[in-house]
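**Student:**
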Amino acid sequence: MGKLSNTMWRLLGAQSGRNQSKSVALIKKAATHDDWAAGLDDDEFGAAARELEIATDLVDRAKFLALVREAADRSLSLRPYDVQLQGSLRMLEGDVVEMATGEGKTLSGAIAAIGYALIGHKVHVISVNDYLATRDAEWMRPLFDMFGISVGSVEESSTAADRIAAYDSDVTYGSVNEIGFDVLRDQLATREDDLVAPTPDVAIIDEADSVLVDEALVPLILAGSSTGEVADAAIAAVVSRMKTKHYEIDTEGRNISLTDEGAAFVEQELGVDLYSEAHVGTTLVHTNIALYAYYLLERDVHYIVRDGEVKLINASRGRVAQLQRWPDGVQAAVELKERLDQTDSGEVIDTITVQALIGRYPKVCGMTGTALAAGEQLRQFYDLYVSQIPPNTENIREDEPDRVYDTKANKVEAIVDYVKEIHEIGQPILIGTHDVAESEELAYFLEKAGVSCVVLNAKNDAEEAAIIADAGKLDAVTVSTQMAGRGTDIRLGGAEATTEEHDEVVELGGLCVIGTGRYDTERLDNQLRGRAGRQGDPGRSVFFSSLEDPLVTRNLSFKRDPESNEPDGSMGSRGVELIEQAQRVAEGVMLELHANTWRYNKLVNQQRDIIVGRRMELLRTDEALTSLAELEPVRYQALLDGRLPAPKKVDEKKADTKKADADDKKADEKADADDKKSDEKKADEKKSTDKKTADKKDADDTSDFGPITEKVDKGVLEQAAREIMLYHLDRAWSDHLAFVSDVRSSIHLRAIGRESPLDEFHKLILAEFTTLPAEAVEAARETFRTATITNEGVDLDGAGRHRSTSTWTYMVHDNLFSSGGAKMLQGIIGVFR
Ligand SMILES: Nc1ncnc2c1ncn2[C@@H]1O[C@H](COP(=O)(O)OP(=O)(O)OP(=O)(O)O)[C@@H](O)[C@H]1O
92 MGKLSNTMWR
102 LLGAQSGRNQ
112 SKSVALIKKA
122 ATHDDWAAGL
132 DDDEFGAAAR
142 ELEIATDLVD
152 RAKFLALVRE
162 AADRSLSLRP
172 YDVQLQGSLR
182 MLEGDVVEMA
192 TGEGKTLSGA
202 IAAIGYALIG
212 HKVHVISVND
222 YLATRDAEWM
232 RPLFDMFGIS
242 VGSVEESSTA
252 ADRIAAYDSD
262 VTYGSVNEIG
272 FDVLRDQLAT
282 REDDLVAPTP
292 DVAIIDEADS
302 VLVDEALVPL
312 ILAGSSTGEV
322 ADAAIAAVVS
332 RMKTKHYEID
342 TEGRNISLTD
352 EGAAFVEQEL
362 GVDLYSEAHV
372 GTTLVHTNIA
382 LYAYYLLERD
392 VHYIVRDGEV
402 KLINASRGRV
412 AQLQRWPDGV
422 QAAVELKERL
432 DQTDSGEVID
442 TITVQALIGR
452 YPKVCGMTGT
462 ALAAGEQLRQ
472 FYDLYVSQIP
482 PNTENIREDE
492 PDRVYDTKAN
502 KVEAIVDYVK
512 EIHEIGQPIL
522 IGTHDVAESE
532 ELAYFLEKAG
542 VSCVVLNAKN
552 DAEEAAIIAD
562 AGKLDAVTVS
572 TQMAGRGTDI
582 RLGGAEATTE
592 EHDEVVELGG
602 LCVIGTGRYD
612 TERLDNQLRG
622 RAGRQGDPGR
632 SVFFSSLEDP
642 LVTRNLSFKR
652 DPESNEPDGS
662 MGSRGVELIE
672 QAQRVAEGVM
682 LELHANTWRY
692 NKLVNQQRDI
702 IVGRRMELLR
712 TDEALTSLAE
722 LEPVRYQALL
732 DGRLPAPKKV
742 DEKKADTKKA
752 DADDKKADEK
762 ADADDKKSDE
772 KKADEKKSTD
782 KKTADKKDAD
792 DTSDFGPITE
802 KVDKGVLEQA
812 AREIMLYHLD
822 RAWSDHLAFV
832 SDVRSSIHLR
842 AIGRESPLDE
852 FHKLILAEFT
862 TLPAEAVEAA
872 RETFRTATIT
882 NEGVDLDGAG
892 RHRSTSTWTY
902 MVHDNLFSSG
912 GAKMLQGIIG
922 VFR
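The working numbering applies: residue 92 is where the sequence shown begins, and numbers increase by one.
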């Protein structure tokens with residue numbers, strides 16, 4: 092963060108200070124209503140609160156505060172402190188509040204949620220993990236009950252019905268992932284009733300800086316596989332041995348099928364009955380896919396093999412499409428054909444960044460222990476302001492000066508010595524590391540020095556919360572990454588400590604927090620320090636760093652490495668300066684990166700909004716059928732009437748053209764066989780063949796209609812049309828996302844001349860998006876003509892239009908711009924579904 096913006100921020104901070112004096116006055120006034128609130132029966136709180144005009148009237152707000160204070164006291168045995176109410180008020184004004192750790196943000200947030208719910212809002216309280224979401228919802232439930240406000244929570248294991256019920260509540264607690272994945276999964280719905288994610292209204296974000304800044308760029312991804320199965324090697328082997336008599340390719344070169352002889356060949360080779368119930372949906376389907384891969388898809392025309400991978404050639408763009416794959420197991424079949432390793436058959440169906448997810452909420456506010464330092468980003472990216480709430484009890488934690496060493500080995504040695512010394516008197520120690528590997532390494536050295544410790548591995552939130560809750564016990568040494576056990580209260584003496592146990596640890600100086608290296612921003616350092624000295628407890632914190640830490644090696648370069656004059660490798664105050672300098676550079680880089688990614692994401696986010704809007708229209712109206720009926724009136728009427736339409740008369744001239752086309756094509760094929768032409772030329776020729784084929788189709792209008800066996804009910808037809816349109820819209824969006832990834836990973840190579848990469852990116856993405864709707868509609872029209880539509884609905888599978896049979900979601904923790912698409916996939920941190 093630059094100096095200037097720091098100053099700016101302080102000025103803005105002063106402004107929010109003025110707002111706070113208003114809150115303080117209001118809280119004073121609230122105290123005058125305490126007797127009134129105390130005089131109410133439990134069942135009168137709801138009605139009393141609903142009578143208040145808390146959206147507009149300040150007097151009523153004071154009464155509201157008196158009510159919630161009394162209600163929390165009765166239902167939770169927690170009487171909110173003034174500062175907690177102050178926090179709630181600022182959140183009701185739409186700010187992010189900074190409240191020191193352990194000051195009781197959970198209660199403050201719940202009170203703000205009640206305030207919003209009372210004036211008719213649906214509130215999402217968004218936390219960093221499932222464990223906290225469920226815990227907080229259950230913890231605060233009695234308070235919500237007092238006001239007749241319903242509360243629910245979503246977690247990974249929730250079923251669709253659970254989720255719908257939870258979102259139906261006035262207040263819903265959920266982790267950012269789960270809410271995000273629900274938003275993404277709605278992209279799979281083909282009926283309005285299947286929509287799960289609610290309309291976003293108010294978001295109260297816990298650990299707001301983590302969610303809004305640190306994780307803002309994380310894309311949540313919904314991926315799908317079309318068959319969920321890999322190609323069968325045995326089938327591929329049989330298909331590869333087939334002769335021309337075993338299969339038939341249609342005149343347009345688009346479809347391939349088994350001849351009777353071919354079917355018999357497969358049955359004999361595999362020893363199965365292809366058309367039996369057990370094999371019709373499996374072996375036969377796979378055989379057809381393999382046939383397609385072997386005999387219709389040509390290497391160097393439809394795809395190339397590079398670096399051991401099949402890369403599609405995008406026909407319309409005539410170039411390799413990096414992240415595109417064929418659906419329906421075709422990819423896997425081609426990989427088998429080329430004897431390549433089978434790749435994961437997932438494709439990205441939809442993706443949204445945390446930032447865009449939060450951007451959907453018209454009203455956002457939040458709370459965290461470290462907001463002020465993130466003020467610049469919160470204002471720039473979310474138009475949010477920070478209110479600093481004073482602590483209820485003064486913080487008496489001692490923050491020792493940093494200890495900096497020349498090498499990592501010297502640093503680790505110093506940490507171990509320090510831990511040994513403190514541990515001797517029994518003072519509890521919490522060591523914060525940067526990753527699980529570092530935790531394990533340190534634990535190894537500690538054990539070697541005779542200090543036994545508990546190591547957290549960031550795998551199970553609930554288990555970790557329990558361990559962290561006991562980190563304040565006498566003699567405890569806990570090693571954990573900074574992320575583990577977030578939001579868990581550490582009581583001195585242990586979670587279930589008696590007063591004596593508590594006081595014993597207080598006597599020893601409380602919890603000692605040790606950082607094994609500064610983080611990329613001071614804010615994260617402070618989050619770690621904040622684990623000690625909660626609610627006026629004693630405590631201390633100290634950071635150990637070395638000049639070999641990634642923070643230094645990534646952000647500073649020296650002509651000559653600074654050296655230590657001390658036998659233990661200590662760098663003294665010069666070392667501290669260097670670490671602080673490295674951190675300033677890192678903070679600047681992060682801010683720039685965030686701003687840059689924001690610029691890149693903005694357009695794609697807008698495009699996503701358009702697609703989602705369109706999807707909703709298709710789900711909620713009969714527009715799909717209206718459009719398709721307009722485009723294909725003959726087919727539409729024929730379906731309603733339950734009869735095959737008469738084919739159009741083919742006039743002679745067109746028939747001639749048709750014959751010429753067929754001749755042309757034969758000539759083309761011959762030329763292909765004779766002469767190995769360049770990829771591009773071949774792709775072009777394929778394109779022109781396709782074009783001719785399309786022209787030809789217009790000529791014999793009804794000949795390729797899908798079968799009509801009965802009158803199709805209008806309502807059924809409506810849903811069929813909807814599914815067809817949605818299928819192609821989703822397909823187009825998924826392709827578009829693959830294109831965006833492609834362009835992103837290569838944009839720096841493409842930006843030429845004076846054009847900036849960002850401008851070039853925008854140009855390409857815009858151009859591609861412009862053609863998307865027309866292409867999707869055209870494809871939908873084709874499916875409407877040719878698919879089998881009965882009163883059972885449309886047979887999309889039969890038309891080769893498979894919706895993903897299995898889908899899964901994951902988050903990518905990596906920067907898309909600093910690395911290519913391949914790296915992006917390596918960064919996957921969790922596969923949930
Ligand atoms: N008004 C109150 N009176 C007494 N105890 C309270 C009050 N409010 C909260 N507490 C207690 O303070 C502890 C910390 O609460 P909470 O976990 O909400 O803090 P926090 O600010 O969210 O901490 P963190 O920074 O770890 O998220 C809890 O044990 C809670 O019971």
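Note that beta-carbon positions come from the ideal geometry of N, C-alpha and C, so glycine has one too.
Closest to Ile380 by C-alpha separation, out of Ala424, Pro453, Glu512 and Phe634, would be which residue?
**Tutor:** Position 289 of the sequence shown, counted from the first residue, corresponds to residue 380. Ranking the options by Cα distance to Ile380, first place goes to Ala424.
**Student:** Please list, in chain order, all residues of the same chain as Thr197 whose beta carbon is under 6 Å from its beta carbon, the five residues on each side excluded.
**Tutor:** Position 106 of the sequence shown, counted from the start, is the residue given in the question as residue 197. Closer than 6 Å at Cβ, skipping near neighbours: Asp227.
**Student:** Using CA atoms only, rank isn't needed, just tell me which of Asp611, Tyr610, Gly608 and Gly601 is closest to Arg622.
**Tutor:** What you label residue 622 is simply residue 531 of the sequence shown in a count that begins at 1. For the residues Asp611, Tyr610, Gly608 and Gly601, the minimum Cα distance to Arg622 belongs to Gly601.
**Student:** Using DSSP bridges, identify the partner residues of Ile522.
**Tutor:** Position 431 of the sequence shown, counted from the start, is the residue given in the question as residue 522. Paired residue(s): Val570 and Ile605.
**Student:** Between Val545, Lys539 and Leu638, which lies nearest to Phe649 when the distance is taken from Cα to Cα?
**Tutor:** As a first step, residue 649 must be located in the sequence shown, where it is residue number 558. The residue with the shortest Cα to Cα distance from Phe649 is Leu638.
**Student:** Spell out the partners DSSP gives Thr881 in its beta bridges.
**Tutor:** Mapped onto the sequence shown, residue 881 falls at position 790. Looking at the DSSP assignment, Thr881 forms a beta bridge with Gly884.
**Student:** Quick check on this structure: which residue in Asp826, Arg892 and Glu531 has the alpha carbon closest to the alpha carbon of Thr862?
**Tutor:** What you label residue 862 is simply residue 771 of the sequence shown in a count that begins at 1. The shortest C-alpha separation from Thr862 is found at Asp826.
**Student:** Where does Phe634 sit, in a helix, a strand or coil, going by DSSP?
**Tutor:** The sequence position of residue 634 within the sequence shown is 543, counting from 1. In this structure, Phe634 counts as strand in the three-state DSSP scheme.
**Student:** Nearest to Pro171 by CA position, among Asp300, Ala157 and Thr712, is which residue?
**Tutor:** For the purposes of this step, residue 171 is taken as the residue at position 80 of the sequence shown. The residue with the shortest Cα to Cα distance from Pro171 is Ala157.
**Student:** Return yes when the Cβ of Arg625 is within less than 8 Å of the Cβ of Ile581, no when it is not.
**Tutor:** Your numbering for residue 581 matches position 490 in the sequence shown. Your numbering for residue 625 matches position 534 in the sequence shown. A contact, by the Cβ cut-off of 8 Å.
**Student:** Work out the CA separation of Ala162 and Asp134 for me, nearest whole Å.
**Tutor:** Locating residue 134 in the sequence shown gives position 43, counting from the first residue. Locating residue 162 in the sequence shown gives position 71, counting from the first residue. Distance between the alpha carbons of Asp134 and Ala162 is about 10 Å.
**Student:** Can we say the region 215-225 touches the region 476-484, given the rule of at least three CB pairs closer than 8 Å?
**Tutor:** no
**Student:** Consider the C-beta atom of Arg822 and the heavy atoms of ligand 1; say whether any pair is separated by less than 7 Å.
**Tutor:** Position 731 of the sequence shown, counting from 1, holds the residue named residue 822. Flag unset: Cβ of Arg822 not near ligand 1.
**Student:** How long is the line joining the alpha carbons of Tyr496 and Pro653, rounded to whole angstroms?
**Tutor:** The residue given as residue 496 occupies position 405 in the sequence shown. The residue given as residue 653 occupies position 562 in the sequence shown. Each residue's Cα considered, the two are about 10 Å apart.
**Student:** Excluding five sequence neighbours on each side, which residues of the same chain lie with their C-beta closer than 7 Å to the C-beta of Leu149?
**Tutor:** Here residue 149 refers to the residue found at position 58 of the sequence shown. The answer, listed in chain order, is Leu117.
**Student:** State buried or exposed for Glu232, treating a residue as buried only when at least 16 other CB atoms are found within 10 Å of its CB.
**Tutor:** Translated into positions along the sequence shown, residue 232 becomes position 141. The displayed chain sequence assigns Arg, not Glu, to residue 232. Arg232 should be labelled buried.
**Student:** Looking at chain D, is there any beta carbon in it that lies within less than 8 Å of the beta carbon of Lys693?
**Tutor:** In summary, chain D is missing from the structure at hand, where a single protein chain is found.
**Student:** Counting only the same chain and skipping the five closest in sequence on each side, list residues whose C-beta sits under 6 Å from that of Trp824.
**Tutor:** As a first step, residue 824 is located in the sequence shown; it is residue number 733 there, counting from the start. When the five nearest sequence neighbours on each side are left out, the beta carbons in the same chain lying within less than 6 Å of the beta carbon of Trp824 are those of Ile702, in order along the chain.
**Student:** Which residues does DSSP list as the beta-bridge partners of Lys539?
**Tutor:** Taking the sequence shown and counting its residues from 1, one reaches residue 539 at position 448. Answer by DSSP bridge pairing: none, since Lys539 is not bridged.
**Student:** Can you check which of these residues, Arg726, Ala256 and Met681, is closest to Tyr610 by C-alpha distance?
**Tutor:** Position 519 of the sequence shown, counting from 1, holds the residue named residue 610. Minimum Cα distance to Tyr610 is reached at Met681.
**Student:** Could you compute how far the alpha carbon of Glu283 sits from the alpha carbon of Ile312?
**Tutor:** Indexing the sequence shown from 1 puts residue 283 at position 192. Indexing the sequence shown from 1 puts residue 312 at position 221. Going from the Cα of Glu283 to the Cα of Ile312 covers about 22 Å.
**Student:** Assuming Asn501 contacts Gly660 under a Cβ cut-off of 8 Å, what Cβ separation, rounded to an integer in Å, is found between them?
**Tutor:** What you label residue 501 is simply residue 410 of the sequence shown in a count that begins at 1. What you label residue 660 is simply residue 569 of the sequence shown in a count that begins at 1. Confirmed, about 3 Å.
**Student:** Is the closest heavy atom of ligand 1 to the C-beta of Glu194 under 7 Å?
**Tutor:** Counting from 1 along the sequence shown, the entry for residue 194 is found at position 103. Yes, the beta carbon of Glu194 sits closer than 7 Å to at least one heavy atom of ligand 1.
**Student:** If you drop the 5 nearest sequence neighbours on each side, which residues of the same chain put their C-beta closer than 6 Å to that of Gly666?
**Tutor:** Indexing the sequence shown from 1 puts residue 666 at position 575. Counting only Cβ-Cβ distances below 6 Å, and skipping sequence neighbours, we find Val495.
**Student:** Contact defined as beta carbons within less than 8 Å: I believe Asp221 pairs with Glu246. What is the distance between those atoms, to the nearest angstrom?
**Tutor:** Position 130 of the sequence shown, counting from 1, holds the residue named residue 221. Position 155 of the sequence shown, counting from 1, holds the residue named residue 246. With a Cβ gap of about 4 Å, Asp221 and Glu246 count as contacting.
**Student:** Among Ala505, Val546 and Asp628, which has the Cα closest to the Cα of Pro658?
**Tutor:** Here residue 658 corresponds to residue number 567 of the sequence shown, with the count starting at 1. With distances taken between CA atoms, Pro658 lies nearest to Ala505 out of Ala505, Val546 and Asp628.
**Student:** Is the closest heavy atom of ligand 1 to the C-beta of Pro949 under 7 Å?
**Tutor:** The structure shown does not extend to residue 949, since the chain spans only 92 to 924, so no value can be given for it.
**Student:** Per DSSP, what kind of secondary structure is Glu555 in: helix, strand or coil?
**Tutor:** As a first step, residue 555 must be located in the sequence shown, where it is residue number 464. Residue state, collapsed to three classes: helix.
**Student:** DSSP beta-bridge partners for Asp490?
**Tutor:** Numbered from 1 along the sequence shown, position 399 holds the residue referred to as residue 490. Ser632, per the DSSP bridge assignment.
**Student:** Do Val216 and Tyr207 come within 8 Å of each other at the CB atom, strictly closer than that value?
**Tutor:** If you number the sequence shown from 1, residue 207 lands on position 116. If you number the sequence shown from 1, residue 216 lands on position 125. No. Outside cutoff.
**Student:** By Cβ distance, which residues of its chain are closer than 7 Å to Glu859, with the 5 residues on each side in sequence left out?
**Tutor:** As a position in the sequence shown, residue 859 is number 768, starting the count at 1. Counting only residues of its own chain and dropping the five nearest sequence neighbours on each side, Glu859 has a CB closer than 7 Å to the CB of His827 and Phe830.
**Student:** Can you give me the C-alpha to C-alpha distance between Gln674 and Thr290, rounded to a whole angstrom?
**Tutor:** Translated into positions along the sequence shown, residue 674 becomes position 583. Translated into positions along the sequence shown, residue 290 becomes position 199. Just so you know, the alpha carbons of Gln674 and Thr290 end up roughly 40 Å apart.
**Student:** For Ala673, report the span of its alpha helix (DSSP H) as first-last.
**Tutor:** As a working note, residue 673 is residue 582 in the sequence shown. Note, Ala673: alpha helix (DSSP H), Gly663 to Arg711.
**Student:** If we ignore side chains and look at the alpha-carbon of each, how far apart do Leu517 and Glu532 end up?
**Tutor:** Along the sequence shown, one-based indexing puts residue 517 at 426. Along the sequence shown, one-based indexing puts residue 532 at 441. Inspection of the sequence shows that residue 517 is occupied by Gly rather than by Leu. Distance between the alpha carbons of Gly517 and Glu532 is about 23 Å.
**Student:** Can you tell me whether Gln175 sits near ligand 3, meaning its C-beta is under 7 Å from at least one heavy atom of the ligand?
**Tutor:** This structure simply doesn't include ligand 3; it includes ligand 1 instead.
**Student:** For my contact list, Gly450 and Asp297 are in at a C-beta cut-off of 8 Å; report their separation, rounded to the angstrom.
**Tutor:** Residue numbering aside, residue 450 sits at position 359 when the sequence shown is read from its first letter. Residue numbering aside, residue 297 sits at position 206 when the sequence shown is read from its first letter. Between Asp297 and Gly450 the Cβ distance is about 18 Å, and since that is not below 8 Å, they are no contact.
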